[in-house]
Every structure is written in structure tokens, then in C-alpha cells.
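Numbering (my numbering), first residue to last: 12 to 128. Backbone N, C-alpha and C fix where the C-beta goes; we use that ideal spot for every residue, glycine too. Shown next, in C-alpha cells, is the structure this report addresses.
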């Protein structure tokens, strides 16, 4: 996978990540949990490549989402304490990047400060 943080952003994920997840039958909020955990690991450096291998500690439990949910939905695999993104999660992230690029080409940008809902 050759994506960076700027290729798949959390801002506006309702227009990119959520539709990409839905295409694969995955809850958009679960993918947001996955992507948020990835962002935390790489400390939000926009040009950082999104890694495919992580440790369990990179995925903190949230009130609504867990590492077990990612495993159950085949978004990551686990070998000991090492986690790896699956082709399914990579496909979703790549599709989200594609949608983000398409919207950018159409001059569509979402900024929550202009749309408070």
C-alpha cells in the first residue's frame, strides 16, 4: 500500500471512508476507529506513509470499538502481538483515497467550521 495520511483524511470521512467501507459491508465508524488508531501511531505527519503492520498497543480500546471487532470483520490479522492490515482494509482505504481525490478534482471540500451539523 502506498498511501499517506493526506491521502485518507478523517475530516470529511462521511464522504470518503464511510462510502468505501459500505461498499465492502463494513461499518464506517469501525473503519474510522481503525484509521484513527493508525493516525495516532504515525503522529499525524501528513506525508507519513500508512503502515500495514502494527502492535496491539496501537489500537486502544474505545467505548464502542475494539481490536476484536477489527479481527472479527477481517480488517486486521493477528500473530502474537503483531497486527497486519488485511487486503479488505487496504481496499477500503485505497477506495477512500480515490473518492477523496475525485471530490478534490471536483473542487468539493468539507470544513466543519462552515457546516456545523
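| Item | Value |
| --- | --- |
| Check the DSSP bridge columns for residue 94 and list the partner residues they point to. | 65 and 89 |
| Taking a contact to mean a Cβ-Cβ separation below 8 Å, would you say residue 104 touches residue 61 in this structure? | yes |
| In angstroms with no decimal places, state the Cα-to-Cα distance between residue 100 and residue 89. | 14 Å |
| How long is the line joining the alpha carbons of residue 109 and residue 18, rounded to whole angstroms? | 8 Å |
| Determine the burial state of residue 64: buried for a count of at least 16 other Cβ atoms within 10 Å of its Cβ, exposed for fewer. | exposed |
| Evaluate residue 49 with the Cβ neighbour count: other Cβ atoms within 10 Å of its Cβ, from every protein chain shown; 16 or more gives buried, anything less gives exposed. | buried |
| Going by DSSP, what residue range makes up the alpha helix (DSSP H) through residue 40? | 39-52 |
| Do residue 66 and residue 94 have their C-beta atoms closer together than 8 Å? | yes |
| Quick one: what's residue 79 bridged to in DSSP? | According to DSSP, which records beta bridges pairwise, residue 79 is partnered with nothing at all. |
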